[in-house]
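To keep things clear, I will list the structure first and then write my remarks on it.
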Amino acid sequence: MKLFPYGHATHPQWRMAAGLVLAQLRAHMALPDYASAPTLGLLYITDHYAGAAQDILDHLGAELPEITDWSGTVGVGIASNNVEYFDEPALAVMLCELPPEQYRVFSGVAPLGLNFEPHTALIHADAATPDVAELIGEMAARTATGYLFGGLASSRSRTVQFAVGGNGNIKGHGAARGVFSGGLSGVAFGEGVALVSRVTQGCQPVSPVHEITAAEGNVVTGLDGQPALEVLMRDLGVSLDEPRGALAKVRATLVGLMRPGDGAAGELVNRAGHFGVDTQVRHIIGLDPARQGVAVADPVQPGTRLAFCQRNAQAARADLIRVCAEIREELEPEEMPLSAAAALAAPEAESAPNPARRIAGAVYVSCAGRGGPHFGAPSAELQIVRRALGDVPLVGFFAGGEIARHHLYGYTGVLTVFTAAD
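When we follow UniProt numbering, the leftmost residue of the sequence shown carries the number 1, and every step to the right adds one.
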């Protein structure tokens, strides 16, 4: 598998940004190590361009007629190799050369047919869709591995998704031209498309692990058989007798949850003191002194394990480096030719994308609350990925919720790479 051509740019006028991206894509396709006949395009735009989404898709489709399939969405920020664009007009494109029989683009009005068995899927979803978490679970159940990756679109204006297949229109779309709002869309991949994916957490536990022993809807009323509010106050070292200080501490606190049955993949908190991969972080949305309860932004049930947590930049940085190292370790063979060893050992200044790394391209979906501001400087998060994973083609976006397997996460990053054979 050759490297996937990619490009990214920012400009007040979308046509200028598109021109810069197209120049990068064509330059890549002319290089011997890059794919020269891709058919699937992944397109991510910031919400500054949301109103021009259809014009952008039409323009790219006309300029790249060989790309028969498109998928993507909008974010308050987008990502590419070593750079992120927040609060500025920008777009990023990656062109994937995959066997046509090994993927299908789908949307809410043109769901996957019965003639294609999905192995994994890239998912873009609208947070305003009713029961979106349940739809994600249903989609995961349709795949052979149960593994999805992607995220919820994020926008301060219009929320859009891109989904175009085959001859420029997916059967069932009618007059639709590939730009949609609401529901789920994305790309389902067959067994022949090799992927490696990891979830990186962005919060640090600040309490012991508790078990929810009583709950009513979104309100946790009992933890380890004790009043939940009492446990929260004790864990945070505050008291409602001094409400101003207590509420300030509570506002900075979230909860990490592991549902019953999700523990097979690991513990809520691992031996290193970090959240495990199945932990879902949710906001505390209120306190209920009458019931001694703690309200969280998700329905909960007895048997769920819970730990109070806070956002932590140092922990997020360390965990992001860890998942990149895990991906590299999984892809690097025990024995390799000299060219591969040289590429993998190259210093950062010389670490240009190289097929020897066995990564054709990558998709990174991170929480809109992460990015440079959380990691200390503009583009710091993507620079960490580049230093740890190597210089690889990459696109992605900053989401209103991240999707991995059948879970909807918060404050995480989901890094997925398309891998080549040994």
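Beta carbons: idealized from backbone N, C-alpha and C, even for Gly. Quick caveat, the model's predicted, so the values are computed rather than measured.
Identify which residue in P260, A318, F397 and R244 has its Cα closest to the Cα of residue 449. Only positions 1 to 422 of the chain appear in this structure, which leaves residue 449 out of reach.
Check whether the Cβ atoms of T159 and A153 lie closer than 7 Å to each other. yes
Taking DSSP as the reference, what is the three-state secondary structure of E63? helix
Could you check the C-alpha separation between A214 and V255 for me, to the nearest Å? 16 Å
In chain order, what residues of the same chain lie with their CB nearer than 6 Å to the CB of P378, ignoring the 5 residues before and after it? Excluding sequence neighbours, P378 sits near G372.
In chain order, what residues of the same chain lie with their CB nearer than 8 Å to the CB of C309, ignoring the 5 residues before and after it? C203, Q204, P205, V206, S207, T253, L254, V255, G256, F275 and V281
Just confirm the distance between the C-beta atoms of T46 and E66, as a whole number of angstroms; I'd bet it's less than 8 Å. That belief does not hold up - the Cβ atoms of T46 and E66 are roughly 26 Å apart, past 8 Å.
Using the DSSP secondary-structure output, state which residues sit across from I402 in a beta bridge. According to the sequence provided, residue 402 is Glu. The question's Ile does not apply to it. Beta-bridge pairing links E402 to G151 and Y409.
For Q314, does the count of other Cβ atoms within 10 angstroms reach 16, so buried, or fall short, so exposed? exposed
Quick one: what's Y85 bridged to in DSSP? I78
In angstroms with no decimal places, state the Cα-to-Cα distance between R387 and L394. 13 Å
Compute the beta-carbon to beta-carbon distance between G72 and L43, rounded to the nearest angstrom, for a pair I have assumed lies under 8 Å. 4 Å
Buried or exposed, going by whether 16 or more other CB atoms sit within 10 Å of the CB of residue 431? Shown here, the chain extends from 1 to 422; a query on residue 431 therefore has no answer.
Cβ shell of V231 (< 6 Å), same chain only, five flanking positions each side left out: Correct list, in chain order: L223.
Would you grab the beta carbon distance between A9 and I56 for me? Rounded to a whole angstrom, and I think it's under 8 Å. A9 to I56, Cβ: 12 Å. No contact.
Rounded C-beta distance between Y103 and A188? I'm assuming under 8 Å. About 7 Å separates the two Cβ atoms, so the contact holds.
When E117, E332, N218 and G410 are compared against E101, the one with the closest alpha-carbon: Closest in alpha carbon position to E101, among E117, E332, N218 and G410, is E117.
Can you have a look at R247 and say buried or exposed, based on whether 16 or more other CB atoms are within 10 angstroms of its CB? It should be noted that the sequence gives Leu, not Arg, for residue 247. Within a 10 Å sphere around the beta-carbon of L247 sit fewer than 16 other beta-carbons, which makes this residue exposed.
Look up Y364 in the DSSP assignment and give the residues it is bridged to. According to DSSP, Y364 shares a beta bridge with G396 and L415.
The beta strand (DSSP E) spanning H8 covers which residue range? Y6 to T10
On the three-state DSSP scale, how would you describe F180? strand
Quick check on DSSP: helix, strand or coil for L229? helix
Does DSSP classify L306 as helix, strand or coil? In the structure shown, the three-state DSSP call for L306 is strand.
Using DSSP with H/G/I as helix, E/B as strand and the rest coil, what is F275? Of the three classes helix, strand and coil, the one that applies to F275 here is strand, per DSSP.
If you reduce the DSSP assignment to three classes, tell me which class R295 lands in. According to the sequence as given, residue 295 is Ala; it is not Arg. Correct three-state label for A295: strand.
By alpha-carbon positions, which one of V365, L22, L408 and V83 ends up nearest to G396? V365
By how many angstroms is the C-alpha of A52 removed from the C-alpha of G178? 13 Å
Short Cβ contact (7 Å threshold) for Y6 with R405: no
Could you check if Y103 belongs to the surroundings of the ligand ATP, using beta carbon to heavy atom distance under 6 Å? The ligand ATP is absent from the structure shown, which contains no ligand whatsoever.
For H48, which three-state DSSP category applies? helix
Candidates E63, F398, P299 and Y34: which alpha carbon is nearest A79's? F398
Please state the DSSP three-state secondary structure of R15. helix
Mind reading off the beta-carbon distance from G186 to G108? Whole number of angstroms is fine, and I expect it under 8 Å. With a Cβ gap of about 11 Å, G186 and G108 do not count as contacting.
Relative to the C-alpha of V219, which residue among Q54, D241, H283 and H59 is closest? It is H283 whose Cα lies nearest to the Cα of V219.
Is Q161 helix, strand or coil by DSSP? strand
Cα-Cα, which of G376, V250 and L25 is closest to G237? V250
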